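Chemist: Under the UniProt record's numbering, residues 1 to 736 are what the sequence shown spells out, in order.
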Amino acid sequence: QEKSCRLSAALLGEGSEISQEQLYELLKYAALGKCHNAAQPSWCRIYHQSRLAGVVVVVLHEMSQLHFYRFYLQFKHLRKVFRHRFTLTPSANFPVSLYGEGTNLKPQSTPQGLTSTSSECITKSSDLQCDPIIQRYGGKKQGLTSYTLTLEEQKKNDYPIEGSPGCKGYISTECDQQRTDSSPLFGLDCEMCLTAKGNEVTRVSLVDARGQCLLNELVKPESTVVNYRTRFSGITKKMLLPVKTRLSDIQTRLKKMLPHDAVLVGHSLNSDLQALEMIHPSVIDTSLLFARSEGRRFKLKFLAKAVLGKEIQCEQKLGHDPTEDARAALELAQFFIEQGPTKVAELNLEMLLTAEKLAEFSQNKAALQPQGCGFQEQLNEPPPLSRPCFLDCLQVTGQKPLLLGRQGLDSSGLCQSNLSTSNKQILQRALEDVPLSKFSIIQFSLGPEYIASHLHAGLHEKVRSKLTDMLTIYAGPFEENFCMKSVKKEFGRCGPIQSLTVVTETFQPYVCIQYKVLEAAQLAVESLNGAEVAGSCIKVQRPVTAAMLDCNVLIKELELDVENEGVIYVAGLKKSLTERDLQEEFSQLKDLETLFLPKDLQSGKHRNCCFLKFQKSQSAMDALEAINGWTMKGSELRSRSALAPGHLWRWIWQMNHSNGKQGKHIFYEKMEQLSDSEQDLRKKVKKLDHHIKKLYRSLQSNTLCVVLFPGVNSTQGSQSSLGLMGIKDDEGRSAC
1 QEKSCRLSAA
11 LLGEGSEISQ
21 EQLYELLKYA
31 ALGKCHNAAQ
41 PSWCRIYHQS
51 RLAGVVVVVL
61 HEMSQLHFYR
71 FYLQFKHLRK
81 VFRHRFTLTP
91 SANFPVSLYG
101 EGTNLKPQST
111 PQGLTSTSSE
121 CITKSSDLQC
131 DPIIQRYGGK
141 KQGLTSYTLT
151 LEEQKKNDYP
161 IEGSPGCKGY
171 ISTECDQQRT
181 DSSPLFGLDC
191 EMCLTAKGNE
201 VTRVSLVDAR
211 GQCLLNELVK
221 PESTVVNYRT
231 RFSGITKKML
241 LPVKTRLSDI
251 QTRLKKMLPH
261 DAVLVGHSLN
271 SDLQALEMIH
281 PSVIDTSLLF
291 ARSEGRRFKL
301 KFLAKAVLGK
311 EIQCEQKLGH
321 DPTEDARAAL
331 ELAQFFIEQG
341 PTKVAELNLE
351 MLLTAEKLAE
361 FSQNKAALQP
371 QGCGFQEQLN
381 EPPPLSRPCF
391 LDCLQVTGQK
401 PLLLGRQGLD
411 SSGLCQSNLS
421 TSNKQILQRA
431 LEDVPLSKFS
441 IIQFSLGPEY
451 IASHLHAGLH
461 EKVRSKLTDM
471 LTIYAGPFEE
481 NFCMKSVKKE
491 FGRCGPIQSL
501 TVVTETFQPY
511 VCIQYKVLEA
521 AQLAVESLNG
531 AEVAGSCIKV
541 QRPVTAAMLD
551 CNVLIKELEL
561 DVENEGVIYV
571 AGLKKSLTER
581 DLQEEFSQLK
591 DLETLFLPKD
601 LQSGKHRNCC
611 FLKFQKSQSA
621 MDALEAINGW
631 TMKGSELRSR
641 SALAPGHLWR
651 WIWQMNHSNG
661 KQGKHIFYEK
671 MEQLSDSEQD
681 LRKKVKKLDH
691 HIKKLYRSLQ
701 SNTLCVVLFP
711 GVNSTQGSQS
721 SLGLMGIKDD
731 EGRSAC
């Protein structure tokens, strides 16, 4: 457990909203840690951030909190997996806020090209002492043996080592002769595909010191290929069909080809040797040779361009060419050895990298135009903010963020922007690309036909109407001259009442009671149905409407919601009791973690109920048994399991107060016309939930996943934003 990342957030408070700035804090710290002045967010805490495998943000375009609760039953995966939920401050410019609300880039002063001799990027010798390359190797030229990894460095960087537990069955190259500065260099690179076993070699290239290709061979993996990763590996199913060569064949050939004093060169060569299941004692790793601060690494593509002036891994080609990559790594090592650390440090690669990113930004800004996505209108003019964008900071660390979505999502050039035309395509790309990126933004959409304003108006009214029905109960029959005060007192013990009216259309009087919280209405149905109130044995029930036929199912699912785990509702409190009084009274309850006393959003006074959160679910169940019938300051308490997570209370209140005086008949005709569309929408939402489930299952353990319903730009009712978040644990759930 100590090695796992954890997330904690104090989100029980009523009406608590997370601002765009606070969301930015979370994403920045998760992605960057303590680098670039990233600090723990103020509203939640990530434990063991350095062990985070990645950050994935899923944006459900043009969807709001309204959609989540209207289609609560359809969002089966979302509500069961994510333990933390929060209301997000609405923003008309929501996706832009994910990039950080500003940028310090100045495209007009960007260099138009990059070469290793750019005079602007040469560093004075007096400034070189702080360069990581000089700090590691000193300033003098040395022979190649000074740059081979020591045994400790190999262990630290996950190289296969003779006798290590994880290297059982690995083959040694048996190159055990003493190395000298004249030992031969060989460049090695492999391409891998994802199989049922993991990463398996499907192509191997070896080049000699002159760059001559000695080996360029396709390899048939032992296990079934799950993902060919063609965009990166260049391997297709058709290419591997006729291949007979196996890994053991390649191992034998490499052993024969390499002289006993050979030095292997590669970029992150540990991955290649692990995939080859081979052990070689003497290596130069160019990802470590060109040292950077804080353990960061330059990409091979960048180094080839900045140091050698060569373009490799071009987007026009299908996948990487392992021979090209092996040759590039070899030449980089030869350049470093021949020129020496000082000459390499004088290139100022950090500045070159920043200049390259600025150039990309400038070109993309000029070339790309907004293509119909609402927030892009905001991108035409540079935002008047000076804070650096943390996605730009990610690029400086060598991590290029990934953005997947429909056409027209990003014109900033700060992301690997892959455009798709359907959610299915987006999912397929995400399954391939997300494991290769430390920070990903995946945007799904229901499609333009489902985000029209009249659809949102209808959905808003349906949700408002259903919430009202769930908060409402009918009680009776009563005697003709019953005591209304007694009825109000008895039903008030279940929780705060919004309104209480007498129904006169019936033969005998009934009372219609609307509560302010769902738990109160449910408690009244459960505890007072069949009870004697005001001298009458009464029946308590909810309104009977078509929308309420699945009410019991919905109540059950709300009880099982992970946000309500270990939380109970307590009613019947005297309003004279303070929070301190309650803390003292409930202190005897085992494992009590938090007490929350809701306040009326209009008057500011606390209500006659509270919520208790326990560290363990069993402790909550024990507390339920103990509290029911408990007398506190002369008042009898009633309790049940919680139904509505904390972030819902303000929203329910808003729903009940917005358009509250507009009768249902105003929307009736429009809603009838929408019934077919809503049936389609339910299917779309269910499929969308399945897409997110599939994506979530593919994520590595210790990945922070945030799902955002960003809200809708509409004047129709409440369109609050909603966020769900969690860190995936080893069992596939979100860790607290």
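Positions of the beta carbon are idealized from the N, C-alpha and C atoms, including for glycine.
None of these values were measured; they are calculated from a predicted model.
The alpha helix (DSSP H) that contains Cys551, what's its start and end?
Modeler: What you label residue 551 is simply residue 551 of the sequence shown in a count that begins at 1. It spans 551-560 - the alpha helix (DSSP H) in which Cys551 sits, taken as one unbroken run.
Chemist: Distance, Cα to Cα, Leu708 vs Leu215?
Modeler: Taking the sequence shown and counting its residues from 1, the one referred to as residue 708 is at position 708. Taking the sequence shown and counting its residues from 1, the one referred to as residue 215 is at position 215. Looking at the two C-alpha atoms, the distance is approximately 49 Å.
Chemist: Please state if the CB of Ser183 and the CB of Asp261 are separated by a distance shorter than 8 Å.
Modeler: By 1-based counting over the sequence shown, the position of residue 261 is 261. By 1-based counting over the sequence shown, the position of residue 183 is 183. Yes.
Chemist: Could you give the distance in angstroms between the alpha-carbon of Glu21 and the alpha-carbon of Leu436?
Modeler: Position 21 of the sequence shown holds residue 21. Position 436 of the sequence shown holds residue 436. Approximately 27 Å, taken between the alpha carbons.
Chemist: Please report the Cβ distance between Pro551 and Ala520, rounded to the nearest whole angstrom; I am assuming they are in contact, meaning their Cβ atoms lie under 8 Å.
Modeler: The count along the sequence shown starts at 1 and reaches residue 551 at position 551. The count along the sequence shown starts at 1 and reaches residue 520 at position 520. Reading the sequence as shown, one finds Cys at residue 551 and not Pro. Their Cβ separation, rounded to whole angstroms, is 15 Å, which puts Cys551 and Ala520 out of contact at 8 Å.
Chemist: When you compare only the Cα positions, how much space is there between Asp561 and Lys462?
Modeler: Residue 561 sits at position 561 when you count from the first residue of the sequence shown. Residue 462 sits at position 462 when you count from the first residue of the sequence shown. Cα-Cα distance, rounded: 22 Å.
Chemist: So which of Gln425, His690, Leu194 has the shortest CA-CA distance to Ser233?
Modeler: As a first step, residue 233 is located in the sequence shown; it is residue number 233 there, counting from the start. Ranking Gln425, His690, Leu194 by Cα distance to Ser233 puts Leu194 first.
Chemist: As a quick exercise: from Leu60, Gln334, Ile18, pick the residue whose alpha carbon is nearest that of Thr145.
Modeler: The residue labelled residue 145 in the question sits at position 145 within the sequence shown. Comparing Cα positions, the closest option is Gln334.
Chemist: Just to check my reading of the structure: Leu554 and Tyr515 have Cβ atoms closer than 8 Å, yes? What is that Cβ distance to the nearest angstrom?
Modeler: Counting from 1 along the sequence shown, the entry for residue 554 is found at position 554. Counting from 1 along the sequence shown, the entry for residue 515 is found at position 515. In fact, because the Cβ distance is near 16 Å, the residues do not count as touching under 8 Å.
Chemist: Measuring alpha carbon to alpha carbon, tell me which residue in Arg51, Glu17, Glu25 is nearest Asp729.
Modeler: Position 729 of the sequence shown, counted from the first residue, corresponds to residue 729. The shortest Cα separation from Asp729 among Arg51, Glu17, Glu25 belongs to Arg51.
Chemist: Do the stretch 210-225 and the stretch 345-355 touch if we need at least three Cβ pairs shorter than 8 Å?
Modeler: The stretch 210-225, when compared against the stretch 345-355, does not touch it at the 8 Å Cβ threshold.
Chemist: Once the 5 residues before and after Ala547 are set aside, which same chain residues still bring their CB inside 8 Å of it?
Modeler: In the sequence shown, residue 547 corresponds to position 547, counting from 1. Contacts found: Lys462, Ser465, Lys466, Asp469.
Chemist: Below 8 Å between beta carbons: does that hold for Glu191 and Ile250?
Modeler: What you label residue 191 is simply residue 191 of the sequence shown in a count that begins at 1. What you label residue 250 is simply residue 250 of the sequence shown in a count that begins at 1. No. Outside cutoff.
Chemist: May I have a chain-ordered list of the alpha helix (DSSP H) segments no shorter than 4 residues that lie completely inside the stretch 195-256?
Modeler: 230-233, 237-240, all fully within the stretch 195-256.
Chemist: Excluding five sequence neighbours on each side, which residues of the same chain lie with their C-beta closer than 7 Å to the C-beta of Phe482?
Modeler: Here residue 482 corresponds to residue number 482 of the sequence shown, with the count starting at 1. Only Pro509, Ala534, Gly535, Ser536 meet the Cβ criterion.
Chemist: Among all the DSSP beta bridges, which residues are the ones paired with Arg6?
Modeler: Here residue 6 corresponds to residue number 6 of the sequence shown, with the count starting at 1. In DSSP, Arg6 forms a bridge with Tyr47.
Chemist: Is the stretch 608-615 close to the stretch 589-597, with three or more CB pairs under 8 Å?
Modeler: The stretch 608-615 is in contact with the stretch 589-597.
Chemist: Could you check what DSSP says for Ala644 in three-state terms: helix, strand or coil?
Modeler: Here residue 644 corresponds to residue number 644 of the sequence shown, with the count starting at 1. Reduced to three states, the DSSP call for Ala644 is coil.
Chemist: State the Cα-Cα distance for the pair Leu7 and Val56, rounded to the nearest angstrom.
Modeler: On the sequence shown, position 7 is the one that residue 7 refers to. On the sequence shown, position 56 is the one that residue 56 refers to. If you take the alpha carbons of Leu7 and Val56, they lie about 15 Å apart.
Chemist: Applying the criterion that 16 or more other CB atoms from any shown protein chain within 10 Å of the CB defines a buried residue, is Asp325 buried or exposed?
Modeler: Position 325 of the sequence shown, counted from the first residue, corresponds to residue 325. Classification for Asp325: buried.
Chemist: Please state the DSSP three-state secondary structure of Asp729.
Modeler: Taking the sequence shown and counting its residues from 1, one reaches residue 729 at position 729. Three-state DSSP puts Asp729 in coil, outside helix and strand.
Chemist: Helix, strand or coil: which one does DSSP assign to Ala571?
Modeler: What you label residue 571 is simply residue 571 of the sequence shown in a count that begins at 1. Looking at Ala571 - three-state DSSP - the assignment turns out to be strand.
Chemist: From Ser19 to Leu88, what distance separates their C-alpha atoms?
Modeler: The count along the sequence shown starts at 1 and reaches residue 19 at position 19. The count along the sequence shown starts at 1 and reaches residue 88 at position 88. If you take the alpha carbons of Ser19 and Leu88, they lie about 6 Å apart.
Chemist: Taking three-plus beta-carbon pairs below 8 Å as touching, is the stretch 221-229 in contact with the stretch 304-315?
Modeler: With a cut-off of 8 Å, the stretch 304-315 and the stretch 221-229 do not count as touching, because too few Cβ pairs lie within range.
Chemist: In the DSSP assignment, what are the bridge partners of residue 740?
Modeler: Only positions 1 to 736 of the chain appear in this structure, which leaves residue 740 out of reach.
Chemist: Since Ser641 and Asn529 are thought to touch, with beta carbons under 8 Å apart, how far apart are those beta carbons, to the nearest angstrom?
Modeler: Here residue 641 corresponds to residue number 641 of the sequence shown, with the count starting at 1. Here residue 529 corresponds to residue number 529 of the sequence shown, with the count starting at 1. Actually they are not in contact, since the Cβ atoms of Ser641 and Asn529 sit about 18 Å apart, beyond 8 Å.
Chemist: Please identify the residue among Glu174, Leu597, Arg327 whose C-alpha is closest to the C-alpha of Asp581.
Modeler: Here residue 581 refers to the residue found at position 581 when the sequence shown is read from its first residue. Answer by Cα proximity: Leu597.
Chemist: In whole angstroms, what separates the C-alpha of Thr441 from that of Glu490?
Modeler: For the purposes of this step, residue 441 is taken as the residue at position 441 of the sequence shown. For the purposes of this step, residue 490 is taken as the residue at position 490 of the sequence shown. Per the sequence shown, residue 441 should be read as Ile rather than Thr. Going by the C-alpha atoms only, they are around 52 Å apart.
Chemist: Among the residues of its own chain, which have a CB less than 7 Å from the CB of Leu240, if the five just before and after it don't count?
Modeler: In the sequence shown, counting from the first residue as 1, residue 240 sits at position 240. Around Leu240: Thr202, Leu218, Lys220.
Chemist: In the DSSP output, what is Ala333 paired with across the bridge?
Modeler: Here residue 333 is taken as the residue at index 333 of the sequence shown, counted from 1. Note: Ala333 sits in no beta bridge, so no partner.
Chemist: What does a CB cutoff of less than 6 Å around Ser172 pick up in its chain, not counting 5 residues either side in sequence?
Modeler: If you number the sequence shown from 1, residue 172 lands on position 172. So the list reads Ile279, once near-sequence residues are dropped.
Chemist: State the beta-bridge partners of Cys705 as determined by DSSP.
Modeler: For the purposes of this step, residue 705 is taken as the residue at position 705 of the sequence shown. Paired residue(s): Val56, Gly726.
Chemist: Using 8 Å as the cut-off, can you tell me whether the stretch 26-41 makes contact with the stretch 679-695, which would need three or more C-beta pairs spanning the two stretches below that distance?
Modeler: The answer is no - the stretch 679-695 does not touch the stretch 26-41, with fewer than three Cβ pairs under 8 Å.
Chemist: Could you name each continuous beta strand (DSSP E) segment of 3 residues or more that falls completely within the stretch 160-196, going from the start of the chain to the end?
Modeler: For the stretch 160-196, whole beta strand (DSSP E) runs of length 3 or above, ordered along the chain, are 185-195.
Chemist: Tell me where the beta strand (DSSP E) around Tyr515 begins and ends.
Modeler: For the purposes of this step, residue 515 is taken as residue 515 along the sequence shown, with counting starting at 1. Its beta strand (DSSP E) spans residues 510-515.
Chemist: Is the separation between the beta-carbon of Met632 and that of Glu585 shorter than 8 Å?
Modeler: For this step, residue 632 is matched to residue 632 along the sequence shown. For this step, residue 585 is matched to residue 585 along the sequence shown. Yes, these two residues count as a Cβ contact at 8 Å.
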